[in-house]
Every structure is written in C-alpha cells, then in structure tokens.
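Colleague: So the sequence shown is numbered by the numbering used here: it starts at 15 and just counts up by one.
After the structure tokens below, expect a handful of questions from me.
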Amino acid sequence: MKNNGIKFKKYFKEYQISNVMSMIKNNTKSPEICHDEYKDKLVVITGATSGIGYATAKKFASKGANMICINRNKDKSEMLKHEIESNYKVSCDYILADFSSIDDTHKVANMLLKIDKPIDIIVHNAGIYLTKRQLTSEGIEKVFMVNYLSSFIINYTLKDKLKSQGKCRIILVNSEGHRFAAWGIRFDDMDFSKRHYTGLKSYGTAKLAQLLSMIQFAEYFNGSGVTINAMHPGAVKTSTGQDNGAIYKWFKKNLLDKTLKPVSIAAEAIYYLGVNKDIETLSGKFFNLTSIEEPAPPALDKENAKILWNLSLKMGNLGG
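Right under this line is the structure:
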C-alpha cells in the first residue's frame, strides 16, 4: 500500500500523555541565559526586520557578532543595518529576498555559498501564518514554501560548505504548532487541493516538515561539527498574520496579543542554543525555548523523513 504520509494507527499508539504534560510544563519555564560574548562571529538570520528575528539580531550584535540578515523589505533592512551598526559597532549586511519564491530562495542560498568566510550560525526564522489558502507562482502552498521549503533549500545548498568548515549551528525556529499535523503530512495533497484548508493545518504541516528534514540533515552532519536543532520560541508577541483579513487582525490585536510574552524571551533562547558551549555537540533535538522536549510522533518518523526529503528535492528544484 502506498504511503500517503498519514499513519493514524501508528501515531495513535505512540502518543503519550507524559509528553503532553512535559510540553505544558515547559511552556511555563523561562529560557536558560548564556552570558558569553560572540565577537567577530558571523550569524545569518532570516526575517530579521521584526518580531523574533529583530530581537535576535540585536541580541547577537550586542554580543559582538557580525550579521547577515535576509529580509523582504529594503527600507526596513536599511533601518536595521543603521541601527545595529550604530549601536553595536558590528557589520550588518542584508540580502533582499521573498521566500515565497523558489528563485529568490536559490539566489540567497547561492550568495551564502559564495561567502569566503565561515558561517557560524544560521537562524531560520522567517515565517508566515495564513487563514486562507494561497499558492506561490510555482503552485506550492505558500505557508509550506515560506516556513519550510525555503529553509530546506538553503540548508541543502550549504550543506557541503558547512561540513567543510567543521563547525556551524543551524537553528530552526519551529513551533509546538507542529502538533496540529497530528497524523502526519499528506504527501498526496501538499497544496490542500483535495481537502479543506485551515491556517492551523497548513502551519502544522510546514513545521512538521521542518522537523522531519532535521532528522535527515542531522544524520548527514553527524560527526562533522555541524549541528541542527529546532526550537519553539515561546508564546511571544510577533507580527505574524499581517497578511490575513480584518477579523483575524482584530482577534490577534485585541485578544491574542494581550496574552503573549515579549520577543526578548525567544531571542535569549536562540542565543543560548547558538552560543552555549554545553550543548555544542547536541544535534537533531527539539527544544521548547531551551528545554529539550520530545516532539509529536509524526516528527520522529524516519520513513516519512526520507520520503519528504526526496519530495523536497523535486519541489525545490534541487539536483538531488
């Protein structure tokens, strides 16, 4: 029988109440804090002009790191560059790209590939949340493209460069929202053309895909000094969802945002995961802020991870 990605019986048996309770407990914790400096290191961050990415860029810059920020908006990128270089006396370059575009994503990946210095940390932070189904110009569901496939293309393109460096930390800003794809990814309906679309389903699918790709990348990087980990950034206030309608924006502003924490919490966690020496050999792990946590069973499925890997190569126009 062909595997369409959904394994209800298998995953149902693997779900454990203890893992859910652990998640709830971890959601109340504050992140571990790393006080180490990070002078003259090179950090790449996607989606750095607002929210988590903005706070994270400032955090690394305040510790002496040089930045390459990958953003959509030129004016905001110029403002970020001026602010960081003026306040922290480090360099802050930027690359303009729209991660809903395969071509733009490849452009970014190839520019990073040609950099003649080691990349010390890559923070994949760019993401969107949509309440209505949208397709990219290539026919890919937009949330899947921005939140997952763009990071896959960059990681895949850079994998040999990073391995040759002998050291790098890749951090995927993921989410507990991967649990919304509770029974797996529908490989036979990646664009939601055969079923009802919801924001939670598409978001969960993209974040689950990111965790499945982490399995494959961690295996590839094993023993090389390069690590890849994913993290839930906490329930923090961001600008995600600005592309949605008036009802969602009202709900977010007047109800949801009032319950959320400042993005500085996420920035502290990302800095810890990127710099702390005690975890420099850990790879393929999922963190809730800085606490290691077991993700949902579909995120641990090695068979589906391999299927998704091959599918991602085709969708991302990668050589294989």
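No residue lacks a Cβ here, since even glycine has one placed at the ideal position from N, Cα and C.
Using alpha carbons as the reference points, say which of Gly239, Lys43, Leu225 lies closest to Ile187.
Modeller: The count along the sequence shown starts at 1 and reaches residue 187 at position 173. Checking the sequence, you will find Val at residue 187 rather than Ile. Of Gly239, Lys43, Leu225, the residue nearest in Cα terms is Leu225.
Colleague: Which stretch, first to last residue, makes up the beta strand (DSSP E) that contains Ile135?
Modeller: Residue 135 sits at position 121 when you count from the first residue of the sequence shown. Element bounds for Ile135: 135 to 138.
Colleague: Cutting at 6 angstroms between CB atoms, please list the residues of its own chain near Lys263, excluding the five before and the five after it.
Modeller: What you label residue 263 is simply residue 249 of the sequence shown in a count that begins at 1. Since pLDDT at Lys263 reaches only 46, below the 50 mark, its modelled position is unreliable, and the value read off the structure follows with that caveat. Around Lys263: no qualifying Cβ.
Colleague: Excluding sequence positions up to five away, which residues of its chain have a Cβ less than 6 angstroms from the Cβ of Ser227?
Modeller: Taking the sequence shown and counting its residues from 1, one reaches residue 227 at position 213. Phe166, listed in sequence order.
Colleague: Would you identify the three-state DSSP class for Met93, choosing helix, strand or coil?
Modeller: Locating residue 93 in the sequence shown gives position 79, where the first residue counts as 1. Looking at Met93 - three-state DSSP - the assignment turns out to be helix.
Colleague: Beta strand (DSSP E) containing Ser305: first to last residue?
Modeller: In the sequence shown, residue 305 corresponds to position 291, counting from 1. 305 to 307 is the span of the beta strand (DSSP E), which, as asked, contains Ser305.
Colleague: Among residues of its own chain, excluding the 5 on either side of Phe194, which ones have a beta-carbon nearer than 7 angstroms to its beta-carbon?
Modeller: As a working mapping, residue 194 is identified with position 180 in the sequence shown. Hits under 7 angstroms: Leu214, Lys215, Tyr217, Gly218.
Colleague: Quick check on the burial criterion: 16 or more other C-beta atoms within 10 angstroms. Buried or exposed for Lys77?
Modeller: By 1-based counting over the sequence shown, the position of residue 77 is 63. Result: buried.
Colleague: Three Cβ pairs or more, each shorter than 8 angstroms: is that satisfied between the region 229 to 246 and the region 286 to 297?
Modeller: Counting Cβ pairs under 8 angstroms, three or more are found: they touch.
Colleague: Nearest-angstrom Cα distance between Ile261 and Asn236?
Modeller: Walking along the sequence shown from the start, residue 261 turns up at place 247. Walking along the sequence shown from the start, residue 236 turns up at place 222. Bear in mind that the predicted position of Ile261 carries a pLDDT of just 47, short of 50, making it unreliable; the figure below should be weighed with that in mind. Ile261 and Asn236: Cα-Cα distance of roughly 46 angstroms.
Colleague: Please tell me whether Ser164 and Phe113 are closer than 8 angstroms, where the distance is taken between their beta carbons.
Modeller: On the sequence shown, position 150 is the one that residue 164 refers to. On the sequence shown, position 99 is the one that residue 113 refers to. Taking 8 angstroms as the Cβ cut-off, Ser164 and Phe113 qualify as a contacting pair.
Colleague: Strictly by DSSP, which residues pair up with Thr241?
Modeller: Position 227 of the sequence shown, counted from the first residue, corresponds to residue 241. Per DSSP, Arg183.
Colleague: Could you give the distance in angstroms between the alpha-carbon of Trp323 and the alpha-carbon of Asp174?
Modeller: Sequence index remark: in the sequence shown, residue 323 carries index 309 (1-based). Sequence index remark: in the sequence shown, residue 174 carries index 160 (1-based). So the alpha carbons of these two residues sit roughly 17 angstroms apart.
Colleague: Indicate the three-state DSSP secondary structure (helix, strand or coil) for Thr150 in the structure shown.
Modeller: Locating residue 150 in the sequence shown gives position 136, where the first residue counts as 1. Note: Thr150 maps to coil in three-state DSSP.
Colleague: Can you grab the Cα-Cα spacing for the pair Glu46 / Gly248, in whole Å?
Modeller: As a working note, residue 46 is residue 32 in the sequence shown. As a working note, residue 248 is residue 234 in the sequence shown. About 13 angstroms.
Colleague: What's the call for Asp315, buried or exposed, on a 16-neighbour Cβ count within 10 Å?
Modeller: For the purposes of this step, residue 315 is taken as the residue at position 301 of the sequence shown. Buried, by the Cβ-count rule.
Colleague: Does DSSP put Glu99 in a helix, in a strand, or in coil?
Modeller: The residue given as residue 99 occupies position 85 in the sequence shown. Note: Glu99 maps to helix in three-state DSSP.
Colleague: Looking at C-alpha atoms only, which residue of Met245, Asp292, Val289, Gly333 is the closest neighbour of Glu308?
Modeller: As a first step, residue 308 is located in the sequence shown; it is residue number 294 there, counting from the start. It is Met245.
Colleague: How close, in whole Å, do the beta carbons of His138 and Ile185 come, if the pair is a contact with beta carbons under 8 angstroms?
Modeller: Walking along the sequence shown from the start, residue 138 turns up at place 124. Walking along the sequence shown from the start, residue 185 turns up at place 171. Contact flag correct, Cβ pair sits at about 7 angstroms.
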